[in-house]
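Shown next, in structure tokens, is the structure this report addresses.
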Amino acid sequence: MTIEALPANQPETFYRGDGRIARFRDAPALPDRPEDWVGSVTSRFGLAPAGLSTLPDGRVLAEAVAADPHWWLGPRRADTGVLVKLLDAGQRLPLHVHPDRRFANAHLASPYGKTEAWVIVSARPDAYVHLGFARDVAADELAGWVAGQQVDRMLAATNRVPVAAGDAILCPAGLPHAIGDGILMVEVQEPTDYSVLLEYEGFGLTEGHLGLGYDLALDCVDRGAWTPARLAGLRGAGARLLPEAADEFFAADRVRGGDRLAQGFAVLVVVAGAGRLTGERDDLPVRRGDTLLVPYAAGPLRLDGAVEAIRLAAAGHGDA
């Protein structure tokens, strides 16, 4: 067997969950923490090694990949290029933003920023996310809101976007956003933990500028207006789960029984039903709540049964 069925990996964080990860995994003994970092070679910002995934045999995934990158990643790949999470919003998350690759390279010594995307697994009625400013916001206006923690004004300037189970939305780096309460999602992102918090006091924090100071950190914020037409472009169309703008960063594909999965490093999150995942070296049952780590060495795979999963991989790691 090459495919690894991963246990939950739930680092502590500052906001509340609501038990949805435990219910999704059918594992009531799990701690009520709001994030499960799946197949992670990324640690929490300033809190390493928290966030790193451990394989069932006790090895740290990051160390296993470094020891045998061809087996895990295939030819000409140096890293996984992706971080996948289950995220359970037990409360509205703070309004925040992630730097793009240019900013991260210049100020955080990282080739990766943090463009991300969300696939909604379940959502309460009238669930929503705040996504982008609805009007142009001046630099001094934003700085004043953040310095004074004028949360109502910040949120009033954003777009409040309804979401429901099955939705998928790209959130480009730089775009201010806040996930509303009552949502369980699969999140795929570049492999960093960089967040600039525009809102922090109500979450028991004293700042959130990545150690850069807000004068610099706020330079990564997209302060432009996001119209309904621009927001619509953050969703996929037809058979695509995500828009083409995501292709530079990662792939997220919905796969069902009868589908074939191309060779490549990936994370598979089973979101409904039960079935089997088979390949030249693998034959294992899968069901809703499973999170599976698929190495390059697994080769092409087939998913069978009354089952639905989300396949997540970095750009260039094969297509479902």
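In my numbering, the protein residues as written are 58 to 377.
Backbone N, C-alpha and C fix where the C-beta goes; we use that ideal spot for every residue, glycine too.
The structure displayed is predicted, hence computed values, not measured ones.
- Here Phe71 is exposed. Its C-beta has fewer than 16 other C-beta atoms within 10 Å.
- In this structure, His155 sits away from Leu188, with a CB-CB distance that is not shorter than 7 angstroms.
- The C-beta of Pro285 has fewer than 16 other C-beta atoms within 10 Å across all chains shown, which makes the residue exposed.
- Nearest neighbour of Ala274 by Cα position, chosen from Arg73, Pro113 and Leu254, turns out to be Leu254.
- Residue environment analysis places Leu143 among the buried positions, since at least 16 neighbouring C-beta atoms fall within 10 angstroms of its C-beta.
- DSSP places Met211 inside the alpha helix (DSSP H), whose first and last residues are Val208 to Ala213.
- Excluding five sequence positions before and after Ala354, the CB atoms of its chain that fall closer than 6 angstroms to its own CB belong to Thr59 and Trp128, given in chain order.
- DSSP places Ile78 inside the alpha helix (DSSP H), whose first and last residues are Arg77 to Arg82.
- The residues Pro151, Gln206, Thr263, Glu264 and Gly265, in chain order, have a CB closer than 8 angstroms to that of Tyr257 in the same chain once the five nearest residues on each side in sequence are set aside.
- If you keep only unbroken alpha helix (DSSP H) runs of at least 4 residues inside the stretch 106 to 162, you get 118 to 124 and 126 to 130.
- If you draw a 10 Å sphere on the C-beta of Leu298, you find 16 or more other C-beta atoms in it, and that means buried.
- Look at Glu305 here: in three-state DSSP terms it is coil, with no helix or strand label.
- Counting along the chain, the unbroken beta strand (DSSP E) around Ala180 starts and ends at Glu173 to Ala180.
- For Thr137 and Gln67, the gap between their C-alpha atoms comes out near 20 angstroms.
- For the alpha helix (DSSP H) assignment, the uninterrupted runs of no fewer than 4 residues enclosed by the stretch 255 to 287 are, from N- to C-terminal side, 271 to 274.
- Assignment of Asp361 by DSSP, reduced to helix, strand and coil, places it in the strand class.
- According to the DSSP secondary-structure assignment, Phe190 is paired through a beta bridge with Thr215 and Ala282.
- Collapsing the DSSP output to three states places Leu349 in a strand.
- Per DSSP, the beta bridge partners of Gly336 are Leu358.
- Non-local beta-carbon contacts of His153 in its own chain, meaning distances under 8 angstroms to residues more than five positions away in sequence, involve Pro233, His234, Ala235, Ser252, Val253, Leu254, Leu255, Glu256 and Gly265 in chain order.
- The DSSP-derived three-state label of Leu291 is coil.
- Pairing Cys277 with Gly223 gives a Cβ-Cβ distance that is not under 7 angstroms.
- For Leu130, same chain residues with a beta-carbon under 6 angstroms away, outside a window of 5 residues either side, are Phe322 and Tyr353 in chain order.
- In the displayed model, Leu199 falls within a helix according to three-state DSSP.
- For Ala222, no beta strand (DSSP E) encloses it, and the DSSP letter there is neither H nor E.
- Counted as a single uninterrupted DSSP element, the beta strand (DSSP E) harbouring Val243 occupies residues Ile240 to Gln246.
- Annotated as proximal: Leu325 and Ala366, with beta-carbon spacing under 7 angstroms.
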